[in-house]
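Presented below is the structure to which this report refers.
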Amino acid sequence: MPSRYPLVASVKTDMTLLELDILEKEITTRLRDLNSKKTDPEILDTFLSEAFRKYTTIHKAYIDLIKNGDERTRIEALKRALYIQWIGSFEPSFITGITTSFDTFENAAGGLELKDFQFVYSYVDNLIKNNELDEELIEMLSYYACWEFVFEFENFKDYKHLHHFVFNTDQETSYVPLIRKRNLEQRGQMGDYFLSLSTLTEDTSN
Numbered sequence: 015m016p017s018r019y020p021l022v023a024s025v026k027t028d029m030t031l032l033e034l035d036i037l038e039k040e041i042t043t044r045l046r047d048l049n050s051k052k053t054d055p056e057i058l059d060t061f062l063s064e065a066f067r068k069y070t071t072i073h074k075a076y077i078d079l080i081k082n083g084d085e086r087t088r089i090e091a092l093k094r095a096l097y098i099q100w101i102g103s104f105e106p107s108f109i110t111g112i113t114t115s116f117d118t119f120e121n122a123a124g125g126l127e128l129k130d131f132q133f134v135y136s137y138v139d140n141l142i143k144n145n146e147l148d149e150e151l152i153e154m155l156s157y158y159a160c161w162e163f164v165f166e167f168e169n170f171k172d173y174k175h176l177h178h179f180v181f182n183t184d185q186e187t188s189y190v191p192l193i194r195k196r197n198l199e200q201r202g203q204m205g206d207y208f209l210s211l212s213t214l215t216e217d218t219s220n
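One gets my numbering by counting positions in the sequence shown from 1 and adding 14 to each.
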């Protein structure tokens, strides 16, 4: 019997930023629908297994754009790939549709791969080394750095510039008001996440 919640038949690695935004929204929208309806666990597990594989390909598609896109495309793909790694580090997979192949998930048939994590971290590390982070990426990375245990994957400390940035970020500053001033539309799950943050965060920020 076909799945009641099928994903697109296939995902190419050579996708545009807009195509990837649409695909990410499709996955997260259906996950919210499944979770809100208290779907049968077997149906949810089947969908999650598909989502894990799709997000592996989405992540690889962003990496392909980092390697082969123009300057604007490279930095946007990097931001989205880094967000995927960050949110997948701690948020439950049944909410995000993201898991990792180097963590143990009973029903996971695939997931983000360590070598891809390492590529993204290495790329960010090099940007920091050369003082080439744009303001938005500085804000986002600073926000991520305020969450404990996120950057403790294997070999993270090999990226000394990223390590220094993360562990020297001002933990008392709220970066949400700065990020929310950016154009966050059509930017995958990353944009939706920052758009969803409560405005109360802004009111109580420094």
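Here a beta-carbon is modelled for each residue, glycine too, at the ideal position from N, C-alpha and C.
Inset, instruction - Look up Thr114 in the DSSP assignment and give the residues it is bridged to. - result: The bridge partners DSSP lists for Thr114 are Leu126.
Legend entry - Which listed residue (Thr70, Arg67 and Asp78) has its alpha carbon closest to that of Met29: With distances taken between Cα atoms, Met29 lies closest to Asp78.
Inset, instruction - Measuring alpha carbon to alpha carbon, tell me which of Asn82, Ala75, Phe104 and Phe108 ends up nearest Phe66. - result: Of the listed residues, the one whose Cα sits closest to Phe66 is Phe108.
Legend entry - Pairwise C-alpha distance: Lys129 and Tyr157: For the pair Tyr157 and Lys129, the Cα-to-Cα distance works out to about 24 Å.
Inset, instruction - Label Phe181 either buried or exposed according to how many other C-beta atoms from any shown protein chain fall within 10 Å of its C-beta, with 16 as the threshold for buried. - result: Exposed: under 16 other Cβ atoms inside 10 Å.
Inset, instruction - Closer than 7 Å by C-beta to Lys81: which residues in its own chain qualify, once you throw out the five before and the five after it? Chain order, please. - result: Residues of the same chain with their beta carbon placed closer than 7 Å to that of Lys81 are lacking, with the five preceding and five following residues left out of the count.
Inset, instruction - Check the C-beta distance from Leu34 over to Tyr76 and give it rounded, since I have them as a contact under 8 Å. - result: That pair is a contact at about 7 Å.
Legend entry - Terminal residues of the alpha helix (DSSP H) in which Glu153 lies: Note, Glu153: alpha helix (DSSP H), Glu149 to Ala159.
Inset, instruction - Enumerate in chain order the residues of its own chain whose CB-to-CB distance from Leu141 is below 6 Å, with the five nearest sequence positions on each side excluded. - result: Counting only Cβ-Cβ distances below 6 Å, and skipping sequence neighbours, we find Leu147.
Legend entry - Neighbourhood of Lys143 by C-beta, 6 Å cutoff - its chain only, sequence neighbours within 5 removed: Closer than 6 Å at the Cβ level, and outside the excluded window around Lys143, lie His175.
Inset, instruction - Would you decide whether Ser50 is buried or exposed? Buried here means 16 or more other CB atoms lie within 10 Å of its CB. - result: Ser50 counts as exposed, since fewer than 16 other C-beta atoms from the protein chains shown sit within 10 angstroms of its C-beta.
Inset, instruction - State the DSSP-derived secondary structure class of Leu211, mapped to helix, strand or coil. - result: Here Leu211 carries a coil assignment [DSSP, helix/strand/coil].
Inset, instruction - Could you tell me the boundaries of the alpha helix (DSSP H) in which Pro55 lies? - result: That run of the alpha helix (DSSP H) goes Pro55 to Asn82.
Legend entry - Arg94 beta carbon less than 9 Å from that of Gln185: If you check the CB distance, Gln185 and Arg94 do not come in under 9 Å.
Legend entry - Val164 versus Phe131, Val190, Lys68 and Glu150, residue with shortest Cα-Cα distance: When only C-alpha atoms are compared, the closest one is Phe131.
Inset, instruction - In angstroms with no decimal places, state the Cα-to-Cα distance between Glu150 and Arg194. - result: Whole-angstrom Cα-Cα distance: 10 Å.
Inset, instruction - Use the C-beta contact count for Arg86: other C-beta atoms within 10 angstroms, 16 or more gives buried, fewer gives exposed. - result: It counts as exposed.
Legend entry - Straight-line gap, Lys171 to His177 (C-alpha atoms, nearest Å): Between Lys171 and His177, the C-alpha separation is close to 6 Å.
Inset, instruction - Specify the secondary structure class of Glu90 as computed by DSSP and reduced to three states. - result: In the structure shown, Glu90 falls within a helical segment according to DSSP collapsed to helix, strand and coil.
Inset, instruction - Taking only the alpha-carbon atoms, compute the straight-line gap between Tyr69 and Tyr135 and give it to the nearest angstrom. - result: Approximately 18 Å between the Cα atoms of the pair.
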